[in-house]
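Participant: Counting along the sequence shown from 1, when you hit position 268 you're at 268 in UniProt numbering, and nothing is skipped either side.
Every residue gets a Cβ at the ideal spot worked out from N, C-alpha and C, and that includes glycine.
A quick note: this is a predicted structure, and the numbers were derived from the prediction, not measured.
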Amino acid sequence: MGSLSSELLLGFRNSAPIGSRAFSHRLTTKSFQKQLRVPYRCLAFSSYTCSATLSPVITEVEQKETFDIDKASLLVEELRNNFDSGKTRSYEWRVSQLKSIAKMLEEKEKDIIDALYKDLGKPGQEAFISEVSMSKSSCNEALGELNQWMMPEKVKTSITTYPSSAEIVSEPLGVVLVISTWNFPFLLSIDPVIGAISAGNSVVLKPSEIAPATSSLLGNLLEEYLDNSAIRVVEGAVPETTALLEQKWDKILYTGSARVGRIVMAAAAKHLTPVTLELGGKCPAVVDSDADLQVTARRIIVGKWACNNGQACISVDYIITQKEFAPKLIDALRNELEQCFGKDLLRSKDISRIVSSSQFARLAKLMDEVSDKIVLGGQRDENQLRIAPTILLDASEDSTVMQEEIFGPILPIVTVNNIKDSFGVIKSKPKPLAAYLFTNNEQLKKDYVQNISSGGMLINDTILHLTVSGLPFGGVGESGMGSYHGKFSFDTFSHKKSVLYRAFSGDSLLRYPPYTPEKERLLKAIISGNILRAILIFFGWSKE
Numbered sequence: 001m002g003s004l005s006s007e008l009l010l011g012f013r014n015s016a017p018i019g020s021r022a023f024s025h026r027l028t029t030k031s032f033q034k035q036l037r038v039p040y041r042c043l044a045f046s047s048y049t050c051s052a053t054l055s056p057v058i059t060e061v062e063q064k065e066t067f068d069i070d071k072a073s074l075l076v077e078e079l080r081n082n083f084d085s086g087k088t089r090s091y092e093w094r095v096s097q098l099k100s101i102a103k104m105l106e107e108k109e110k111d112i113i114d115a116l117y118k119d120l121g122k123p124g125q126e127a128f129i130s131e132v133s134m135s136k137s138s139c140n141e142a143l144g145e146l147n148q149w150m151m152p153e154k155v156k157t158s159i160t161t162y163p164s165s166a167e168i169v170s171e172p173l174g175v176v177l178v179i180s181t182w183n184f185p186f187l188l189s190i191d192p193v194i195g196a197i198s199a200g201n202s203v204v205l206k207p208s209e210i211a212p213a214t215s216s217l218l219g220n221l222l223e224e225y226l227d228n229s230a231i232r233v234v235e236g237a238v239p240e241t242t243a244l245l246e247q248k249w250d251k252i253l254y255t256g257s258a259r260v261g262r263i264v265m266a267a268a269a270k271h272l273t274p275v276t277l278e279l280g281g282k283c284p285a286v287v288d289s290d291a292d293l294q295v296t297a298r299r300i301i302v303g304k305w306a307c308n309n310g311q312a313c314i315s316v317d318y319i320i321t322q323k324e325f326a327p328k329l330i331d332a333l334r335n336e337l338e339q340c341f342g343k344d345l346l347r348s349k350d351i352s353r354i355v356s357s358s359q360f361a362r363l364a365k366l367m368d369e370v371s372d373k374i375v376l377g378g379q380r381d382e383n384q385l386r387i388a389p390t391i392l393l394d395a396s397e398d399s400t401v402m403q404e405e406i407f408g409p410i411l412p413i414v415t416v417n418n419i420k421d422s423f424g425v426i427k428s429k430p431k432p433l434a435a436y437l438f439t440n441n442e443q444l445k446k447d448y449v450q451n452i453s454s455g456g457m458l459i460n461d462t463i464l465h466l467t468v469s470g471l472p473f474g475g476v477g478e479s480g481m482g483s484y485h486g487k488f489s490f491d492t493f494s495h496k497k498s499v500l501y502r503a504f505s506g507d508s509l510l511r512y513p514p515y516t517p518e519k520e521r522l523l524k525a526i527i528s529g530n531i532l533r534a535i536l537i538f539f540g541w542s543k544e
């Protein structure tokens, strides 16, 4: 595969600096009794996609101690030895760790919200709802359902194995790696870790360096609350991630861009390591003219600007609606935006800021390219990394904003003559992580579900499917592979082992040589389910 560091560096498109920041490299491990602290001054090249998790970092200072491939190898070896001891397999160990996470979420709620504000300017209520509350729900569900999840699933057997019984046993995969992202840096770190622990694995979490306050907090909290012999946090940037990806894991879950997802998958392929990739895409919202305007506008606002200011893989990326209906929809969005965020949208304290100056510059460039299409918003403050909610009308399909995932507060509206024409617009792009539809037309709902392929889908709302633990969260095609949430998280980090039980009695000579015409006729009758014919052949009453 060549140098993974080089591939990671080449995997990103932009080269605008996010400025100098101090990062800490932290490895919580028994084998390294002291914390490895590595200061970084960095120049980051961040992608505009769902995650800048692996954004390249050029270190400009000497590192007293580095987390290199050798240290990564030692870490994995220690975790594997611990896993092989059987410690993490027990129900008691899993529950004890989940209870510790639940305790952590209660006791450190304010610290978590404060870290999210430092990293993203995320409003406290939004941080609680989208990250803390959802983490609590995930943990509580795992605690309540774990015993049931771990029980073997009984399976019917066939006549060919009679007498027998069969079951599917969920067993932990082993030592797993979770590479998280910056836009929901707490939830998208702790939720997969909950799944990995529930399934009985040892786990290493690599949080995003682009959200340094949350990354540092995760390192401290997981060391304080969880069993460090089986659960570790490695902080850092590309060198640390490169060292981790060189190792043999039993599963990797990565959240980020499709471009870097390919790099992760290539690294995993060297060891035949299975991967779950949670990626991004341009998530459409189709708005029919019969939709409730006020409710639709509010729910789009929640799924765009109240969702980390559009910096989310499942946020509404663009709207498609009928040409004659577009002005009404724009007016409704304008009115509801003012109701939600006040008259000065740029200064609203209820909207997250842009994560970095490089992301700000990228978004500003997108807006400048289609400035004549702005019908609402467009204001920005580079010093505060703030961009007001911005709506475009009929930007050129060839423009960058219509070709690439926006991942910010810009919302293009595409108009069509007939609402069914929206299907062709969506299908002309890679399959999205989520697709939304607002309509009262039952036939349109059915057609949308049947004809539009996406990771998830909501009718008459946005983003709420994430809160339903019975629904898997994951992508398709360019938007990802595999899924998690609730029981699906447990399954993602488990191997489903097939087990067949037989006794020594009831042994049939049919399966053993020598093979005879009589045996062949009897065997065919049994396999075909023709019991009467099988009885006749068995007693010699049929020669056919």
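(1) I'd like the list of long-range same chain contacts for S399, defined as Cβ closer than 7 Å, with 5 residues on each side in sequence excluded.
(2) Could you tell me which uninterrupted alpha helix (DSSP H) segments, each at least 4 residues in length, are contained entirely in the segment 240-303, listed from first to last along the chain?
(3) Return the residue from the list A434, S215, D70 and E397 that minimises the CA-CA distance to A243.
(4) On a CA-only basis, which of L116, E167 and A142 is nearest L500? Give me that one, please.
(5) Taking the alpha-carbon positions, what's the A285 to I319 distance?
(6) Report the residue ranges of all alpha helix (DSSP H) runs contained in full by the segment 165-228; include only those spanning at least 4 residues, in chain order.
(7) Quick one: any contact between the segment 507-515 and the segment 184-197, if contact means 3 or more CB pairs under 8 Å?
(8) Beta carbon of S170, beta carbon of W149: below 8 Å?
(9) Using CA atoms only, rank isn't needed, just tell me which of K446, R347 and L226 is closest to Q385.
(10) Tell me which same chain residues have a C-beta within less than 7 Å of the C-beta of S289, skipping the five on either side of it?
(11) May I have the straight-line CA-CA distance separating T276 from Y225, to the nearest angstrom?
(12) Hey, quick one: how far does the beta strand (DSSP E) through T390 stretch, first residue to last?
(13) Could you name the residues of the same chain whose beta carbon sits closer than 6 Å to that of Q403, not counting the 5 residues immediately before and after it, in chain order?
(14) In its own chain, which residues sit with a C-beta less than 6 Å from the C-beta of S396, not counting the 5 before and 5 after it?
(15) Under the DSSP definition of a beta bridge, which residues are partnered with E153?
(16) What is the residue span of the beta strand (DSSP E) that Y436 lies within?
(17) Mapping the DSSP letters down to three states, classify R386 as helix, strand or coil.
(18) Among L253, S202, I159 and C283, which residue has its Cα nearest to the Cα of A435?
(19) Quick one: measure Cβ to Cβ for I413 and L392, integer angstroms, because I've assumed they're closer than 8 Å.
(20) Sort D344, A196, P207 and I452 by Cα distance to S180 and report the nearest one.
(21) Which runs of the beta strand (DSSP E), 3 residues or longer, sit entirely within the segment 331-416?
(22) In this structure, does DSSP put V238 in helix, strand or coil?
(23) Among V204, P389 and Y162, which residue has its Cα nearest to the Cα of L376?
(24) Please identify the residue among L532, K373, K487 and I537 whose C-alpha is closest to the C-alpha of S198.
(25) Which residue marks the beginning of the beta strand (DSSP E) containing L74, and which one marks its end?
(26) Under DSSP, the alpha helix (DSSP H) around Q322 begins and ends at which residues?
(27) Over what stretch of residues does the beta strand (DSSP E) that includes Y501 continue unbroken?
(28) Let me check understanding here. Comparing Cα to Cα, which of C340, I387 and E336 lies closest to A361?
(29) Do the segment 327-343 and the segment 481-496 make contact, defined as three or more Cβ pairs closer than 8 Å?
(30) Taking 8 Å as the limit between beta carbons, can you name the residues of its chain near Y162, skipping five residues before and five after?
(31) If the criterion is Cβ atoms closer than 8 Å, does the pair I210 and S135 meet it?
(32) Taking 6 Å as the limit between beta carbons, can you name the residues of its chain near N440, skipping five residues before and five after?
(33) State the Cα-Cα distance for the pair P152 and L146, rounded to the nearest angstrom.
(34) Please report the distance separating the alpha-carbon of R521 from that of I537.
(35) Leaving out five residues on either side along the sequence, give the residues of the same chain with a beta carbon under 8 Å from the beta carbon of E109.
(36) Whole angstroms are fine: how far does the CA of K87 sit from the CA of F67?
Facilitator: Looking at the atomic coordinates:
(1) Cβ within range, chain order: E369 and V370.
(2) 258-269 and 293-302, all fully within the segment 240-303.
(3) Closest in alpha carbon position to A243, among A434, S215, D70 and E397, is D70.
(4) Nearest of L116, E167 and A142 to L500, Cα basis: E167.
(5) The C-alpha of A285 lies about 5 Å from the C-alpha of I319.
(6) For secondary structure counted as the alpha helix (DSSP H) over 4 or more consecutive residues, the segment 165-228 holds these complete runs in sequence order: 187-198 and 212-225.
(7) Result no; under three Cβ-Cβ pairs closer than 8 Å.
(8) With respect to the 8 Å criterion, S170 and W149 are classified as neighbours on the basis of their beta carbons.
(9) First, the residue type needs correcting, since residue 385 is Leu and not Gln in the sequence shown. Closest option to L385, Cα to Cα, is R347.
(10) Here S289 has Q322 and F325 as same chain residues with Cβ atoms under 7 Å from its own Cβ, once five neighbours each way along the sequence are excluded.
(11) Whole-angstrom Cα-Cα distance: 26 Å.
(12) Per DSSP, the unbroken beta strand (DSSP E) holding T390 starts and ends at T390 to L393.
(13) Excluding residues within five positions, none has a Cβ falling inside 6 Å.
(14) Setting aside the 5 residues that flank it on each side, S396 has no residue in the same chain whose C-beta is closer than 6 Å to its C-beta.
(15) DSSP lists I168 as partners of E153.
(16) Segment A434 to F438, the beta strand (DSSP E) holding Y436.
(17) Secondary structure of R386 (DSSP, three-state): strand.
(18) The shortest Cα separation from A435 among L253, S202, I159 and C283 belongs to C283.
(19) That pair is a contact at about 7 Å.
(20) Taking only the C-alpha atoms, the option nearest S180 is P207.
(21) Runs of the beta strand (DSSP E) lying entirely within the segment 331-416 and spanning at least 3 residues, in chain order: 374-376, 390-393 and 410-416.
(22) V238 falls in the helix class under three-state DSSP.
(23) The shortest Cα separation from L376 among V204, P389 and Y162 belongs to P389.
(24) Closest by C-alpha distance to S198, out of L532, K373, K487 and I537, is K487.
(25) Looking at the DSSP string, L74 is not in any beta strand (DSSP E); the run it does join, the alpha helix (DSSP H), is I69 to D84.
(26) Element bounds for Q322: not the alpha helix (DSSP H) but the beta strand (DSSP E), Y318 to Q322.
(27) Residues S494 to R502.
(28) Comparing Cα-Cα distances from A361 to each of C340, I387 and E336, the minimum goes to I387.
(29) Contact between the segment 327-343 and the segment 481-496 is absent, because fewer than three Cβ pairs lie under 8 Å.
(30) So the list reads G506, once near-sequence residues are dropped.
(31) It is not a contact, given that the beta carbons lie outside the stated cut-off.
(32) Excluding positions up to five away in sequence, the list reads D290.
(33) Between the C-alpha atoms of P152 and L146 there is a straight-line separation of about 12 Å.
(34) Computed Cα separation, rounded: 7 Å.
(35) Closer than 8 Å at the Cβ level, and outside the excluded window around E109, lie F128 and V132.
(36) Cα atoms of F67 and K87: separation of roughly 26 Å, rounded to the nearest angstrom.
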